[in-house]
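Going by full-length UniProt numbering, 116 is the number at position 116 of the sequence shown; the sequence numbering is gapless.
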Amino acid sequence: MSSTPQVVPRPPKGEIVTPEVLRGVSLNPTAFSGSLNPSMIWQQMIADSHAAFAYYRELLEKDDVIGSAFEMRGLRVLARDAAVQSADEKNDQAKLFADQAAAFLDTIPNWRALREELLQAPAMGFVVAEVVWRVELDGSIGVEKIVGRPQELFSFGPPGQPQGGELLFSRFPGATGEPVPARKFLVLTYGMKNGNRKGSPILRKVFWPSWFSRNALRLDLSFLEKPSGTIAVRYHEGADDKEQKKALAAAEAIFNETAVAFPEAFQIAQELLTTSRTRDGKDYGEYIDRLEARIKRRILGQTLTTSGAEAGAGSRALGDVHKETENEIVRSDALLLEEAINQLLGWWGQWTFGPQFLERAFRPKWKIEKEPPKDASRQLDIMTKAHSLRIPIPVAEVYEKGQIRRPEEDEAVLPPAVDPFGSGATIGPIPELEEAE
Numbered sequence: 001m002s003s004t005p006q007v008v009p010r011p012p013k014g015e016i017v018t019p020e021v022l023r024g025v026s027l028n029p030t031a032f033s034g035s036l037n038p039s040m041i042w043q044q045m046i047a048d049s050h051a052a053f054a055y056y057r058e059l060l061e062k063d064d065v066i067g068s069a070f071e072m073r074g075l076r077v078l079a080r081d082a083a084v085q086s087a088d089e090k091n092d093q094a095k096l097f098a099d100q101a102a103a104f105l106d107t108i109p110n111w112r113a114l115r116e117e118l119l120q121a122p123a124m125g126f127v128v129a130e131v132v133w134r135v136e137l138d139g140s141i142g143v144e145k146i147v148g149r150p151q152e153l154f155s156f157g158p159p160g161q162p163q164g165g166e167l168l169f170s171r172f173p174g175a176t177g178e179p180v181p182a183r184k185f186l187v188l189t190y191g192m193k194n195g196n197r198k199g200s201p202i203l204r205k206v207f208w209p210s211w212f213s214r215n216a217l218r219l220d221l222s223f224l225e226k227p228s229g230t231i232a233v234r235y236h237e238g239a240d241d242k243e244q245k246k247a248l249a250a251a252e253a254i255f256n257e258t259a260v261a262f263p264e265a266f267q268i269a270q271e272l273l274t275t276s277r278t279r280d281g282k283d284y285g286e287y288i289d290r291l292e293a294r295i296k297r298r299i300l301g302q303t304l305t306t307s308g309a310e311a312g313a314g315s316r317a318l319g320d321v322h323k324e325t326e327n328e329i330v331r332s333d334a335l336l337l338e339e340a341i342n343q344l345l346g347w348w349g350q351w352t353f354g355p356q357f358l359e360r361a362f363r364p365k366w367k368i369e370k371e372p373p374k375d376a377s378r379q380l381d382i383m384t385k386a387h388s389l390r391i392p393i394p395v396a397e398v399y400e401k402g403q404i405r406r407p408e409e410d411e412a413v414l415p416p417a418v419d420p421f422g423s424g425a426t427i428g429p430i431p432e433l434e435e436a437e
């Protein structure tokens, strides 16, 4: 191995995605305005077109089922405890690296907002965040800000070519991109298939259920406003096409509008106005419920739907499967987020401490608690029963599993409890507990 020390380039300064570049990207367009054929939108999505991201953002904003489901998915990850862990608690160097790494993360502005942006990767397919580094007067490296950037400005290959290469940046959406400086952008990809770094966005998977749901809602609202029968407007025999079209337009106006005006001699087939409906419109609502359940299942992994007996009233076994599926999704998203944060820590650590920071024996890792919180009452119940069988139990485990703080020296504590098994005696010192402590 060469004894020549490795020279690590200093971090790039300033922003690459400047405000001038951002002004050329419309982040809140009315993508679904007009009557654009949804098949054309779908083609843009499956082609990984830069134009697809406008539709993805609007789905998050306009479809409250999709928006709330993704918010819940992100909150489940953010609610888990996370911390920097040392590679070796017995090694002073490893502990130093871990302590310094934790202190570095504490200095990142808008730490929660950064994690929220990175957790949009499952929805959008991939996320890019620009790191604006800061070099202090003493030569130490810090972060001025880390901010998510529009996906339209980035690609992983020329337009129309496989997207499996290095990150490319273009100043205008859809233009040919150029390579970016190393250690400047965090990239997080969800559901990479066949090396496609643009990933597999869940928003693309729920596009059709969302489209049919919104159109079913439109038909349902129209149904509620319609007259109860069929509108028929008479025209005289021998009327030309123009007259027939005028009569049809009048019928449509009466059918759809709340106010119309027509000549005194205007004739309507009155008997058709009183024709009773053959349906009450509930089928629209049922259809919408089924589509919304499909959307939630795709995003949250729910096996229980939002209607009927499946709305949380299913069997216990089905509920357990539902909970396990939820935990697996949290675990998957947590691993994805860890990947990005640890990449950032690796860059900072190599600049700050040199290549030794990246060695397995010393490199700290930021980790999220992936197991769901334990039921403290159930844990204490198990230990109480084990204690009744005279099974030695470490006192430290009682505090840990019961989520109870160990009292300080000379701190007032509760008196001994009455025997929970009904003997009437108080629970005194137990030899096993004293020895364990």
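From the three backbone atoms N, C-alpha and C, an ideal C-beta is built for every residue, glycine too. As the structure is a computational prediction, the values presented were derived from the model and not from experiment.
DSSP-derived helix/strand/coil call for residue i
i	result
Asn91	coil
Gly74	helix
Leu168	strand
Pro9	coil
Ile329	helix
Pro355	helix
Lys198	coil
Gly148	strand
Pro392	coil
Val187	strand
Thr306	Any answer about Thr306 is weak, because its pLDDT of 45 lies below 50 and its placement is not dependable; what the coordinates show is given next. Note: Thr306 maps to coil in three-state DSSP.
Thr275	Note that Thr275 has pLDDT 49, beneath the 50 cutoff, so the model's placement of it is unreliable and no number is given.
Gly142	strand
Gln343	helix
Ser155	strand
Gln44	helix
Glu117	helix
Arg134	strand
Residue i classed as buried or exposed, judged by whether at least 16 other C-beta atoms fall within 10 angstroms
i	result
Ala54	buried
Gly177	buried
Met45	buried
Val17	buried
Gln43	exposed
Gly238	exposed
Pro416	exposed
Asp48	buried
Ala249	exposed
Val330	buried
Asp63	buried
Ala396	exposed
Leu389	exposed
Ala69	buried
Proximal residues to residue i (C-beta, below 6 Å), its chain only, five neighbours per side dropped
i	result
Lys323	none
Met1	Caution applies to Met1, whose pLDDT of 42 falls short of 50 and renders its modelled position unreliable; the value that the coordinates give is listed next. Excluding residues within five positions, none has a Cβ falling inside 6 Å.
Pro209	Leu291, Arg294, Ile295
Gly349	Phe357
Ser86	Ala94, Lys95, Ala98, Pro364
Gly174	His50
Gly160	none
Pair within 8 Å by beta-carbon distance, residue i and residue j
i	j	result
Glu130	Arg149	yes
Gly139	Tyr190	no
Ile288	Leu217	yes
Leu345	Ala101	yes
Pro11	Arg204	no
Phe156	Glu144	no
Pro162	Gly195	yes
Val180	Phe169	yes
Trp366	Ala82	yes
Val321	Glu152	no
Tyr284	Asp381	no
Trp211	Pro38	yes
Integer Cβ distance of residue i from residue j, believed to fall under 8 Å
i	j	result
Leu300	Met72	7 Å
Val128	Val187	6 Å
Pro122	Asp333	7 Å
Leu75	Ile66	Leu75 to Ile66, Cβ: 15 Å. No contact.
Ile368	Glu326	Contact doesn't hold; Cβ gap of about 15 Å is too wide.
Arg298	Val147	Not a contact, Cβ separation roughly 29 Å.
Beta-carbon contacts of residue i that lie in its chain and below 7 Å, excluding the five residues immediately before and after
i	result
Gln93	Phe362
Val398	Met383
Ala51	Gln44
Gln343	Leu186
Pro158	Thr176
Cβ-based neighbour list, residue i, same chain, cut-off 8 Å, excluding 5 preceding and 5 following
i	result
Gln379	Lys401, Gly402
Glu328	Gly301
Trp351	Val8, Arg10, Pro11, Ile141
Leu78	Arg112, Arg115, Glu116, Leu119
Glu15	Glu130, Val132
Thr107	Gly142, Val143
Ala386	Ile393
Residue-level contact to chain C via CB, residue i, 8 Å cutoff
i	result
Ala82	Judged by its chain identifiers, the structure shown contains no chain C, having just a single protein chain.
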